[in-house]
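K.L.:
Residue numbers (this note's numbering): 21 to 512.
The beta carbon of each residue, even a glycine, is placed where N, CA and C say it ideally should be.
Structure below; questions to follow.
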């Protein structure tokens, strides 16, 4: 890996009269002709033009290069394609306090991926709180950016119709996956807060581990409920159409109805019978919207195949599950949009048919339900701020653990939610640019993605579908999965 892990960096002693704010920068670029330029005032821009390298660099925004009385300086990221600027993202940072000023990437809403006909640029900025944060979150701001091709047709590219690769079993592919794909905005939560705020707040209060402590429970409620949801539940930042363009092809969806505590209230009559993705009791994307976007994408990209697994782990009993008839109705309604060009396939087709078989039979939307999966995940290992315990877990896997499973899911996301009271207390200061999920994304990916690239195929040798899952889907993960797919398709 180019660069050094954060604990190894040795910065010079800084003059106390010249306070600074550190910015840890993570990059990945896999597009020839593209470069990434990172800059702060008073220093030459840092230019990253190497290909397929997960890099870590550190910048210091120094007070002496800012202008009084505000002492704000601009951290900027430019992406150039053949010398032409295609992306210019920036934010003002106060060198003394670390507070953010103006900018076009201050919040998660500002940080949606930039998709063009030939490029996908994904980025996230984490606004680190002041030193002394009791949760152990980073003191340095965190920024990552990935530059990758538009991957709307990556399966068609590596396995064109009629090719030798397309005659290989579909299960040979390695699919990028969006962890909790339905939690990509606060839209549904905002509706509930506006219409039935009191009832919804009580339900959200119940997910905070510290709620038995009255003092802490009083802090993490009311006006701070959006912060709690933002910090604990928003795992994606893009619309599904963008997530698919970046390259994701596997999704787990937990469809259920709204919590009984408020589903029957008159203010919600228009959505009481709508199925939503459920993150615990917190609703996200509508199931009909999800299926509709998948179908529209597959119609536009006739060589691509999407796998959806329905699960209900973690969904409370108070959120009614759909009946088989409900699920069939939603699926059939979505497929109408394909006008006969698309059909649903299931587990037998996924495990036995070739890529071209699925295309020819039009079964390019593979619908699974509670399939026995080898999930490389544990509440203990993934509860991390550094990713080290995830790597330790990866190093302990073996092919024997794949036996009898339909697929293997390599879960790379950190679930700091499980770290207990201190991490939940950080929600008091959380904003749309400093949730703990943003804090851990780049730190963990800088370790997990190189590991997956270099070790996954040697560790997981069974002839079954592989999935690489993460928060905030990005082009680095998609490129790793694509390259691993190419390697597996070359096997006899």
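(1) Using CA coordinates, which residue listed in 469, 493, 343, 456 is at the minimum distance from residue 161?
(2) Grab the span of the beta strand (DSSP E) containing residue 489 for me, first residue to last.
(3) At the level of alpha carbons, what is the spacing between residue 152 and residue 158?
(4) Please classify residue 500 as buried or exposed, where buried requires at least 16 other C-beta atoms within 10 Å of its C-beta.
(5) Just to confirm the assignment: which complete alpha helix (DSSP H) runs, minimum length 4, are found wholly within the region 366-421?
(6) For residue 338 and residue 281, what's the separation of their Cα atoms in angstroms?
(7) Based on the DSSP secondary-structure assignment, which residues constitute the bridge partners of residue 108?
(8) Output the distance between the C-alpha atoms of residue 382 and residue 259, rounded to the nearest integer angstrom.
(9) Smallest Cα separation from residue 142: which of 183, 305, 256?
(10) Do residue 318 and residue 354 have their C-beta atoms within less than 7 Å of each other?
(11) According to DSSP, what are the bridge partners of residue 141?
(12) On the three-pair Cβ rule with 8 Å, is the region 246-256 touching the region 473-487?
(13) Looking at C-beta atoms only, is the number of pairs between the region 388-397 and the region 420-438 that lie closer than 8 Å three or more?
(14) Do you know how far the Cα of residue 263 is from the Cα of residue 466?
(15) On the DSSP bridge assignment, give the partners of residue 59 in chain order.
(16) Output yes or no for whether 7 Å exceeds the beta carbon distance between residue 208 and residue 323.
(17) Would you identify the three-state DSSP class for residue 43, choosing helix, strand or coil?
(18) What's the C-alpha gap between residue 495 and residue 488?
(19) Confirm, please, whether the CB-CB distance from residue 39 to residue 116 is below 7 Å.
(20) Of all the options 379, 261, 81, which has the alpha carbon lying nearest to the alpha carbon of residue 189?
(21) If residue 165 and residue 97 are in contact, beta carbons under 8 Å, what's the gap, nearest whole angstrom?
(22) Looking at residue 271 and residue 330, is the spacing between their C-beta atoms short of 7 Å?
P.N.:
Let me lay it out:
(1) 456
(2) 485-490
(3) Residue confidence for residue 152 is low, a pLDDT of 49 falling below 50, so the modelled location carries little weight and cannot support an answer.
(4) buried
(5) 367-372, 375-380, 408-415
(6) 8 Å
(7) 98
(8) 25 Å
(9) 256
(10) no
(11) 134, 167
(12) no
(13) Contact holds: three or more Cβ-Cβ distances are below 8 Å.
(14) 20 Å
(15) 96
(16) no
(17) strand
(18) 12 Å
(19) In this structure, residue 39 lies closer than 7 Å to residue 116 by Cβ.
(20) 379
(21) 6 Å
(22) no
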